[in-house]
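Student:
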Amino acid sequence: MSFAFGIGIGTQNKQGEWLEVFYQQPVITPDDGLIEVARNVLEYQGGNHAVPATSDQLKALSDGLRQLGQMEQSTLAGKAADSRRPVVVTLLETDETAASTAEVYLKLHLISSRQARPHELKLDGIFGLLPNLAWTSEGAVDLNELPDRQLKARIEGRTLEVKSVDKFPQMTDYVVPKGVRIADTARVRLGAYVGEGTTVMHEGFINFNAGTEGTSMIEGRISAGVMIGKGSDLGGGCSTMGTLSGGGNIIISVGENCLIGANAGIGIPLGDRCKVEAGLYITAGTKVALLDDNNKLVEVIKARDLANKPDLLFRRNSQTGAVECKTNKTAIELNDELHANN
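Adding 155 to a residue's 1-based position in the sequence shown gives its number in the numbering used here.
#1: Grab me the residues of Gly390's own chain with a C-beta within less than 8 Å of its C-beta, minus the 5 sequence neighbours each way, in chain order.
#2: Helix, strand or coil: which one does DSSP assign to Asn463?
#3: Here's a check: name, in chain order, each residue in its chain whose Cβ is nearer than 6 Å to the Cβ of Thr438, leaving out the five neighbours to either side.
#4: Could you name the residues of the same chain whose beta carbon sits closer than 6 Å to that of Leu216, not counting the 5 residues immediately before and after it, in chain order?
#5: Are Leu261 and Gly346 closer than 8 Å when you measure CB to CB?
#6: What first and last residue would you give for the alpha helix (DSSP H) that runs through Thr314?
#7: Any contact between the stretch 335-346 and the stretch 301-309? By contact I mean 3 or more CB pairs, one from each, below 8 Å.
#8: Leaving out five residues on either side along the sequence, give the residues of the same chain with a beta carbon under 8 Å from the beta carbon of Gly401.
#9: How about Tyr348 and Arg272: do their beta carbons lie closer than 8 Å?
#10: Would you check if the distance between the CB atom of Ala254 and the CB atom of Ile281 is smaller than 8 Å?
#11: Would you decide whether Asn450 is buried or exposed? Buried here means 16 or more other CB atoms lie within 10 Å of its CB.
#12: Using the Cβ count rule (16 or more neighbours within 10 Å means buried), how would you classify Glu198?
#13: Can you list, in chain order, the residues of its chain whose CB lies under 7 Å from that of Lys169, leaving out five sequence neighbours each side?
#14: Taking all protein chains shown into account, do 16 or more other C-beta atoms lie within 10 angstroms of the C-beta of Gly498, making it buried, or fewer, making it exposed?
#15: Starting from the Cα of Asp328, find the closest Cα among Met356, Glu227 and Glu293 and give me that residue.
#16: Going by the DSSP bridge assignment, what does Ala289 pair with across the sheet?
#17: Return the Cβ separation of Ser371 and Glu248 in integer angstroms, given the expectation that the two are a contact with Cβ distance under 8 Å.
#18: Quick check on DSSP: helix, strand or coil for Ile406?
#19: Report the residue from Asn203, His204 and Ala235 whose alpha carbon sits nearest the alpha carbon of Lys214.
#20: Is the distance from the Cβ of Leu435 to the Cβ of Val381 below 8 Å?
#21: How many whole angstroms separate the CB atoms of Gln225 and Leu189, which I take to be in contact at a CB cut-off of 8 Å?
#22: With Ala347 as the anchor, note down where its alpha helix (DSSP H) starts and where it stops.
#23: Let me know the alpha helix (DSSP H) ranges lying completely inside the stretch 161-237, each 4 residues or longer, listed in chain order.
#24: Which two residues bound the contiguous beta strand (DSSP E) that contains Thr482?
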């Protein structure tokens, strides 16, 4: 059984190098018959390959898939046969480290189309395979070719708008998941997993290989590698520490029905039903005063010792500046849990 399959329409620079690829119907764990048809038409010998496809090959692929009953893929191949842009058929036998831009784009599509979740796919080394591009009103442009394209547009009476210069495009130019609201689409990268029922407000941001389970209000930053549980809200300007920005190998996550207040932040994973007071940033080494039901100090511990624990309220004492933690359980009960394995 193969890992993934996709018929992509992409953009190349003048040297014939792939800049980006759009997969309208990527497939994870494709049917063996589909792979066999592709093997015969494209002379695919197995392994992980991105195979440039000619119009004749795509028509033959369409015919073979139709006979197999793969009507959606057959229709896509037939339409791609008439594409003015280059077409690539990407076949991944296994989820190995990507070897081409086309392979990376297929994996990012699988996450954004909710066929794979963050951390389920191997994405190491992808930055070296994603060229830094000008994302314009006419699509992806090689930065070395941008001045000529801008001049050409002006001569023809047009303006070539450069919306961003980045390795990642915005997700909605490739995938628009069902049941979401995104106020500023430029702030959600391809490779984000946006669960059904999620609202991303204007200041919200979701990086690749990160996202939400659904029914969340996102007004803060979800960094690479971070997953937000159902019913959790991120207040305006708040932040989650990703593995790319100082979190190391610690996978930061937020449980269900949590609230991270405006301008707050976390560097530890939160359990369910936790709250972080507005403006408070908690890192793994932050000293936290554990309080009992009468607000009396039980112990001072590091925040990492509270990772993944549910029903916690993190706050800062407005008089002393100390970071404090209250819980629905008594602090003594929580303290026993923390030291149970010591």
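Glycine is no exception: its CB is placed at the ideal position from the N, C-alpha and C atoms.
Tutor: This is what the structure gives:
#1: Glu374, Gly375, Leu414, Ile415, Gly416, Ala417, Asn418, Ala419 and Ala433
#2: coil
#3: Gly422
#4: Val196 and Ala232
#5: no
#6: No alpha helix (DSSP H) holds Thr314; DSSP gives it neither H nor E.
#7: no
#8: Its pLDDT being 49, under 50, Gly401 is placed unreliably by the model, and nothing is read from it.
#9: yes
#10: no
#11: exposed
#12: exposed
#13: Glu300
#14: Because the chain here runs from 156 to 497, residue 498 falls outside it and cannot be looked at.
#15: Glu293
#16: Val296 and Val320
#17: Their Cβ separation, rounded to whole angstroms, is 35 Å, which puts Ser371 and Glu248 out of contact at 8 Å.
#18: coil
#19: Ala235
#20: no
#21: 6 Å
#22: Note, Ala347: premise wrong, no alpha helix (DSSP H); not H, not E.
#23: 187-197, 210-223 and 226-235
#24: Val478 to Thr482
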